[in-house]
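Engineer:
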Amino acid sequence: MHRRYAFLLILFSGALAAALAVYGRSFEPLSGDLTRIGWRTENDFGWTAPKEHFEPLSAALGTLDAHYDMVAIGDSFTGESPWHPGTTWPHYLAHDTGLTAAIFDSDDDMVGQLLASRHFQSDPPAVVIYEIVERNLVPDHRSSAGEDCPAPPDPAVTLTPGPPGAPPVPAVRATARPWTDWPASYAAAYLTQNLRRRLMGHETTNSVELDLTRGGLFSSRADRELLVYGEDFNKLGWTEAGWRGAACNLLRLQARVEANGRTLFLAMVAPDKLTTYGPFLAAEKFRGISHLDLLAQYPALNLVRFDRGFDPTAHMDLYLPNDTHWSTVGHRLAARLVEQMLVEKGVLPAGVVARR
Numbered sequence: 250m251h252r253r254y255a256f257l258l259i260l261f262s263g264a265l266a267a268a269l270a271v272y273g274r275s276f277e278p279l280s281g282d283l284t285r286i287g288w289r290t291e292n293d294f295g296w297t298a299p300k301e302h303f304e305p306l307s308a309a310l311g312t313l314d315a316h317y318d319m320v321a322i323g324d325s326f327t328g329e330s331p332w333h334p335g336t337t338w339p340h341y342l343a344h345d346t347g348l349t350a351a352i353f354d355s356d357d358d359m360v361g362q363l364l365a366s367r368h369f370q371s372d373p374p375a376v377v378i379y380e381i382v383e384r385n386l387v388p389d390h391r392s393s394a395g396e397d398c399p400a401p402p403d404p405a406v407t408l409t410p411g412p413p414g415a416p417p418v419p420a421v422r423a424t425a426r427p428w429t430d431w432p433a434s435y436a437a438a439y440l441t442q443n444l445r446r447r448l449m450g451h452e453t454t455n456s457v458e459l460d461l462t463r464g465g466l467f468s469s470r471a472d473r474e475l476l477v478y479g480e481d482f483n484k485l486g487w488t489e490a491g492w493r494g495a496a497c498n499l500l501r502l503q504a505r506v507e508a509n510g511r512t513l514f515l516a517m518v519a520p521d522k523l524t525t526y527g528p529f530l531a532a533e534k535f536r537g538i539s540h541l542d543l544l545a546q547y548p549a550l551n552l553v554r555f556d557r558g559f560d561p562t563a564h565m566d567l568y569l570p571n572d573t574h575w576s577t578v579g580h581r582l583a584a585r586l587v588e589q590m591l592v593e594k595g596v597l598p599a600g601v602v603a604r605r
């Protein structure tokens, strides 16, 4: 009898493992950060419209002992991704202008390191673009009582564009697994996590799913659902004073960079996905919780204006449906907004934007 029970247990375990393996194989390979941390499927949220990337890279991974025409410092909306190389906006900026552009990660006070470097002091870049995602703006750029809110004059900077670089090449998201990939353990974890979410009646991960009032904003199958990063909701607790303090903090940073009289500073605050798609949320309480518009009330701040043409109704997959970041559609448009600002500031001729 004992042997029979042992045999049946082994048989059941094997059948369960086989069923989970087959079930797991039905999932498309993970590619987005929000599908990965939220235990959601690429089958529902993976993008299907064409994307692209630069190969070879158009912008360089920056080093402090070299000269560049333009320097981009930022978080994951700017930095080079090891999983998706050649996709961020500095590559489009370098391609369009034919100028040299470097990418630096904003960790470890990279702005301070750049300003202290020998090359910046002797042969600085003409332009420094500092990017930070909206959800980190107020926590990372606070102002204390008594700190000033300067209005630094822009230095006179000009650059002569070169010919455009090599164009981007198509990028395809993998939808099939190798024949050796039978992810039984992932399937088991997926079922467990989704059962837990259902039983608890609320989101249990940092990937939040929200209903949209319309479809067509994403190329994913679940195009009436929006995945956002849980920290996008942090700004619900921010005060107007906090937003204004962040603007003054950016102005102080601008004054530091432009103190040499030879470098123009641009501030790029990448809107959260929750902000960009806010007008289309079924939950009205989450509409209009961003106050990025307050930054535009500081005319001395050289702010890249995402309120001018960064429209998800005009550009499908402005953000990746499975990810918190822009798609290459969004990165290309962000580069265009930078170029337009450089034209307005007299750094680039108007033809640079026209030839895109």
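Numbering (my numbering), first residue to last: 250 to 605. Ideal placement from N, C-alpha and C gives every residue a C-beta, glycine not left out.
Under a Cβ-count criterion, where at least 16 other Cβ atoms within 10 Å of its own Cβ denotes burial, should V271 be classed as buried or exposed?
Structural biologist: Counting from one through the sequence shown, the residue named residue 271 turns up at place 22. Under this definition V271 is an exposed residue.
Engineer: Measuring alpha carbon to alpha carbon, tell me which of L550, D282, N498 ends up nearest A400.
Structural biologist: Residue numbering aside, residue 400 sits at position 151 when the sequence shown is read from its first letter. Answer by Cα proximity: L550.
Engineer: Shortest alpha-carbon distance to T453 belongs to which of P427, A266, E277, I286?
Structural biologist: Locating residue 453 in the sequence shown gives position 204, counting from the first residue. Here the closest residue by C-alpha is I286.
Engineer: Tell me the DSSP secondary structure of A343 in three-state form.
Structural biologist: What you label residue 343 is simply residue 94 of the sequence shown in a count that begins at 1. If DSSP states are grouped into helix, strand and coil, A343 belongs with the helices.
Engineer: Only counting the same chain, and skipping five residues up and downstream in sequence, which positions put a Cβ closer than 8 Å to that of L543?
Structural biologist: For the purposes of this step, residue 543 is identified with residue 294 of the sequence shown, where counting begins at 1. If we look at L543 and ignore the five residues flanking it on each side, its Cβ neighbours are E489, W492, R493, A496.
Engineer: For H580 and Y254, what's the separation of their Cα atoms in angstroms?
Structural biologist: Reading the sequence shown from its first residue, position 331 is the one you call residue 580. Reading the sequence shown from its first residue, position 5 is the one you call residue 254. If I take the Cα positions, the gap works out to 59 Å.
Engineer: Here's the rule: buried if 16 or more other CB atoms are within 10 angstroms of the residue's CB, otherwise exposed. What is I381?
Structural biologist: Mapped onto the sequence shown, residue 381 falls at position 132. I381 should be labelled buried.
Engineer: Contact between the region 333 to 343 and the region 570 to 587 is defined here as three or more beta-carbon pairs at a separation below 8 Å; is this criterion met?
Structural biologist: Enough Cβ pairs lie closer than 8 Å, so yes.
Engineer: What residues in its chain sit with their C-beta under 6 Å from that of A531, if we drop five residues either side in the sequence?
Structural biologist: What you label residue 531 is simply residue 282 of the sequence shown in a count that begins at 1. These residues qualify, in order along the chain: D460, T462.
Engineer: Relative to the alpha-carbon of D521, which residue among L569, L363, A375, S330 has its alpha-carbon at the smallest distance?
Structural biologist: The count along the sequence shown starts at 1 and reaches residue 521 at position 272. The candidate whose alpha carbon is nearest that of D521 is L569.
Engineer: On the three-pair Cβ rule with 8 Å, is the region 291 to 305 touching the region 419 to 436?
Structural biologist: Yes, since at least three Cβ pairs between the region 291 to 305 and the region 419 to 436 fall closer than 8 Å, the two stretches touch.
Engineer: For L591 and V377, which I take to be in contact (beta-carbon distance under 8 Å), what is that distance rounded to the nearest angstrom?
Structural biologist: Sequence index remark: in the sequence shown, residue 591 carries index 342 (1-based). Sequence index remark: in the sequence shown, residue 377 carries index 128 (1-based). About 12 Å separates the two Cβ atoms, so there is no contact after all.
Engineer: Candidates T562, R391, Y435: which alpha carbon is nearest P212's?
Structural biologist: A query on residue 212 cannot be resolved here, the shown segment of the chain reaching from 250 to 605 and no further.
Engineer: When burial is assigned at 16 or more other CB atoms within 10 Å of the CB, is E507 buried or exposed?
Structural biologist: The residue given as residue 507 occupies position 258 in the sequence shown. Under this definition E507 is a buried residue.
Engineer: Can you list, in chain order, the residues of its chain with a C-beta nearer than 7 Å to that of A583? Leave out the 5 residues immediately preceding and following it.
Structural biologist: Taking the sequence shown and counting its residues from 1, the one referred to as residue 583 is at position 334. Cβ neighbours of A583 beyond the five flanking positions: W338, W575.
Engineer: Please list the segments of the beta strand (DSSP E) lying wholly inside the region 379 to 439, counting only runs of 3 or more residues, in order along the chain.
Structural biologist: Listed in chain order, the complete beta strand (DSSP E) runs (minimum 3 residues) inside the region 379 to 439 are 418 to 420.
Engineer: Identify which residue in L408, D354, D345 has its Cα closest to the Cα of T327.
Structural biologist: Taking the first residue of the sequence shown as position 1, residue 327 is located at position 78. The option with the nearest alpha carbon to T327 is D354.
Engineer: Taking L313 and H390 to be in contact with their CB atoms under 8 Å, please state how far apart those CB atoms are, rounded to whole angstroms.
Structural biologist: Here the question's residue 313 lines up with position 64 in the sequence shown. Here the question's residue 390 lines up with position 141 in the sequence shown. Contact flag wrong, Cβ pair sits at about 23 Å.
Engineer: Since G414 and H344 are thought to touch, with beta carbons under 8 Å apart, how far apart are those beta carbons, to the nearest angstrom?
Structural biologist: Within the sequence shown, numbered from 1, the residue matching residue 414 stands at position 165. Within the sequence shown, numbered from 1, the residue matching residue 344 stands at position 95. Right, the Cβ-Cβ distance comes to about 4 Å (below 8 Å), so this counts as a contact.
Engineer: Is it the case that the Cβ atoms of V477 and L515 are separated by a distance below 7 Å?
Structural biologist: For the purposes of this step, residue 477 is taken as the residue at position 228 of the sequence shown. For the purposes of this step, residue 515 is taken as the residue at position 266 of the sequence shown. Result no, Cβ atoms of V477 and L515 do not sit closer than 7 Å.
Engineer: Using three-state DSSP, classify H302 as helix, strand or coil.
Structural biologist: Walking along the sequence shown from the start, residue 302 turns up at place 53. Here H302 sits in strand by DSSP.
Engineer: Would you kindly work out how many angstroms separate the C-alpha atoms of P388 and F303, rounded to a whole number?
Structural biologist: Taking the first residue of the sequence shown as 1, we reach residue 388 at position 139. Taking the first residue of the sequence shown as 1, we reach residue 303 at position 54. Taking the straight line from one Cα to the other gives about 33 Å.
Engineer: Going by alpha carbons, who is nearest to L342 out of T524, T525, Y379, E588?
Structural biologist: One-based indexing of the sequence shown puts residue 342 at position 93. The residue with the shortest Cα to Cα distance from L342 is E588.
Engineer: Name the DSSP beta bridge partners of E458, please?
Structural biologist: Residue 458 sits at position 209 when you count from the first residue of the sequence shown. Paired residue(s): L476.
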